[in-house]
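Chains as they are written, first to last, in the working numbering: chain A, 1120 to 1540; chain B, 5 to 171. A virtual CB, placed ideally from N, CA and C, is assigned to each residue, including glycine. Since the structure is predicted, the reported quantities are computational estimates derived from the model, not experimental observations.
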Amino acid sequence: MGKTIVEKIFSLASGKDVYAKDIVVAKVDAAMAHDGTALLAIEAFEDMGGKNVWDPSRIVLVIDHVAPSSNENFAKVHEVMRSFARKYGVRIYDVGSGICHQVMVESGHVGPGSLIVGADSHTCTYGALGAFATGIGSTEMAAVFATGRIWLRIPQTIKMNVTGRFQEFVTPKDLILYIIGKVGADGAIYKAIEFTGPTIREMNVSGRLTLCNMVVEMGAKNGIIEPDEKTIEYIKSRVNKPFKVFRSDPDAKYYEVMEFNVDSLEPMVACPHSVDNVKPVKSVEGVEIDQAFLGSCTNGRLEDLEVAARILKGRRIKRGVRMIVTPASTQVYLEAVKRGLIEIFIRAGACVSNPTCGACFGGHMGLLASGEVCISSSNRNFVGRMGSPEAMIYLASPATVAASAVEGKITDPRRFSERSI
Amino acid sequence: MRVYGKAIKYGDNINTDAIIPSKYLTTLDPNEWAKHAMEGIDLDFPRKAREGVIIVAGRNFGCGSSREQASQALKHAGVKCILAESFARIFYRNAINIGLPVLETPGVTAKVNEGDILSVYLDEGKVVNESSGEIIFANSLPSFILEIIRDGGLIEHLIKVIGGKGE
């Protein structure tokens, strides 16, 4: 019987001929933890009496959630992580390197065909490069550190076939928000999402990362996109270990096939307080905002900063609104500086921070007070996510975030279309 | 294995930011976690849970972030078991890994009222509502998962199985 990409990756990782719904013990190719989850993982590892990690070259620690530390508690966590890295010889990306998921893909830790686990729910991001990648908890990660293995139930795959061309200022973020709105917060529980179709083939790696990043918001186990020349182009200067390009067989069995066409897709917004409370931007235009946040593992890449800069160039952010721009990594930040994007943001009145998760999860760098409204390019808008439980968070694309910052209220970015670049 | 307690009910999509807000992620103190459990949606929870309770919830319980502190907070606050229409997968695994029983129990929200006394027989996946007399069948757990829970969690289980060595 034919196999999906996910089934093929699991067959390789388990050394068995396996299919969806089988439970296997799989070899892990890479494991990652950050300063929100590493503390518990390290403690559990020590509790186990672990003398050595299974393979230091396959473990990555990243200090990103509260980087630099905003209080003594996080400073202590960072110290524990550095100490662990020194003791066991594992790689650690320290303050300022960037958000874990961006660092993992940029620095070549993700090869197509690999099986990767991360102590973070957005680990599913790496599926954009044709890997199986999923989030796990800290205790589980301790067991992975020790054994290099994990038991997993192979997910059935929902194929999402995408056709059509995006209008100007309509982006992959709008597509994934639309999909989540349709499928629901638990509509894809335990499933793998395989994105296919000409629109996906046309999409650059940055957009693919955005799509896969947010599948967890539908309850999915992972997202995945078959590698192609764009994937190879991205990884060839980054990945220096063997990798495997898997494709789904024509007779592979899917749980469901869904079709999406983006020709008339509008900019979408996830309204408070759930990610599946998705509406076209038109229906929330005019809602006044206090803060605009451009960043996160979802949309903090160069391409995201570029589209926002196109709107902000030569303009000012509305008086009374603050805009926080947090590039996803040092590489992104540096390239943005070279291209003059950072200057555009600063001249527009935005506040540009070092790479970090920052405001996205309410750690630091832009929390909200009671009653405040934020439009954000991040991935969650739960009550209290960015500070006060009485704040309101709208999720949107970088273009919508930038347009809204200029107007001081939620704004359809296509209103800026007539302006030449 | 049997657990026993009073039911506390919640709805759908209870997320882990609500179960334990991010500012509490830096502590290793279980008492701190317990004190702030469910702080995002129910400030009264620590008081209610202290006597030993069973959470009965709707769909997608524990969605959102992978933070294990969420299941730890509930366990240390007094939650003996969680019965839900469905669980978010990372939370589900985390709960098992720290020895907090979780059972996918379709139809549970219609058959249990707030305050009902429940007995949960984990091996059989059977829930007895002692207050109404009704029996509800959950999706029973595979035996290796029951073993992890019986041992008190993944670490305890691995120590038993591997004899405390790192490999």
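Interface criterion met: the Cβ of Ser-90 of chain B is under 8 Å from a Cβ in chain A.
For Gly-62 of chain B, the closest C-alpha among the options B:Lys-27, B:Ala-88, B:Pro-105 is that of B:Ala-88. A residue is called buried once 16 or more other Cβ atoms fall within 10 Å of its Cβ, and Ala-1261 of chain A is buried on that count. Uninterrupted beta strand (DSSP E) stretches at least 3 residues long and entirely within the segment 1341-1427 of chain A occur at 1341-1344, 1375-1380, 1387-1389, 1397-1399, 1410-1413, given in chain order.
Within the model, the alpha-carbon separation for Leu-1158 of chain A versus Ser-90 of chain B is close to 28 Å.
Boundaries of the beta strand (DSSP E) harbouring Ser-1495 of chain A: 1492-1495, taken from the DSSP string. Neighbourhood of Gly-68 of chain B in chain A, by CB distance below 8 Å: Ser-1240, Arg-1499, Phe-1501, in chain order.
Counting the other Cβ atoms within 10 Å of the Cβ of Ser-1393 of chain A gives 16 or more, which makes it buried. In this structure, DSSP gives Glu-1191 of chain A a helical state, which the three-state scheme calls helix.
In chain order, Arg-1533, Ser-1536 place their CB closer than 7 Å to the CB of Glu-1287 of chain A, counting only its own chain and leaving out the 5 sequence neighbours on each side. Residue-level contact by beta carbon holds for Asn-64 of chain B and chain A, with a gap shorter than 8 Å. Spatial neighbours of Lys-1432 of chain A in its own chain (CB-CB distance under 7 Å, excluding positions within 5 residues in sequence) are listed in chain order as Ile-1463.
Note that the segment 94-102 of chain B does not touch the segment 33-48 of chain B; fewer than 3 beta-carbon pairs, one per stretch, sit closer than 8 Å. C-alpha of Ala-1339 of chain A to C-alpha of Glu-1491 of chain A: approximately 31 Å in a straight line. Identification of residues in the segment 1285-1311 of chain A having a C-beta nearer than 8 Å to some C-beta of chain B yields Ala-1304, Asp-1305, Ile-1308, Tyr-1309, given in sequence order.
Contact note: Thr-113 of chain B does not reach chain A at a C-beta cutoff of 7 Å; the least C-beta distance is about 14 Å.
At a C-beta separation below 7 Å, Leu-1248 of chain A has no neighbours in chain B, since its nearest C-beta there lies roughly 20 Å away. In this structure, the CA atom of Ile-1298 of chain A is about 15 Å from the CA atom of Arg-1499 of chain A. Between Thr-1253 of chain A and Thr-1242 of chain A, the C-beta spacing is below 8 Å. Collapsing the DSSP output to three states places Thr-113 of chain B in a helix.
Distance from the CA atom of Asp-1531 of chain A to the CA atom of Val-1444 of chain A, rounded to whole angstroms, is 19 Å. DSSP places Arg-1533 of chain A outside any alpha helix (DSSP H), giving it a letter other than H or E. For Ala-1252 of chain A, no alpha helix (DSSP H) run applies; the uninterrupted beta strand (DSSP E) run containing it begins and ends at 1251-1254, by DSSP.
Proximity of Met-1279 of chain A to chain B, defined by a Cβ-Cβ separation below 8 Å, is not satisfied. Ranked by how close their Cα comes to the Cα of Thr-1417 of chain A, the residues A:Thr-1475, A:Val-1440, A:Asp-1154 have A:Thr-1475 in first place.
For Leu-47 of chain B, no CB of chain A lies under 8 Å from its own CB, so it is not counted at the interface with that chain.
Scanning its chain for C-beta atoms nearer than 6 Å, with the 5 sequence neighbours on each side dropped, one finds around Ile-86 of chain B the residues Ile-59, Val-106, in chain order.
For Tyr-1212 of chain A, the secondary structure class from DSSP, reduced to helix, strand or coil, is strand. Here Glu-118 of chain B is exposed, its C-beta having fewer than 16 other C-beta atoms within 10 Å. Of the candidates A:Leu-1421, A:Pro-1317, A:Val-1289, A:Val-1289 places its Cα closest to the Cα of Val-1400 of chain A.
In the DSSP assignment, Asn-143 of chain B forms a beta bridge with B:Glu-108.
The C-beta distance from Ala-22 of chain B to Gly-56 of chain B rounds to 22 Å, too long to meet the 8 Å contact threshold. By the criterion of a C-beta distance shorter than 8 Å, Gly-1481 of chain A is surrounded in its chain by Gly-1503, Arg-1504, Met-1505, Gly-1506, once the five residues flanking it on both sides are discounted. Secondary structure of Phe-148 of chain B (DSSP, three-state): helix. As a beta-bridge residue in DSSP terms, Ile-1235 of chain A pairs with A:Ala-1149, A:Ala-1252. Closest by C-alpha distance to Asp-1347 of chain A, out of A:Ile-1277, A:Leu-1248, A:Val-1406, A:Ala-1194, is A:Leu-1248.
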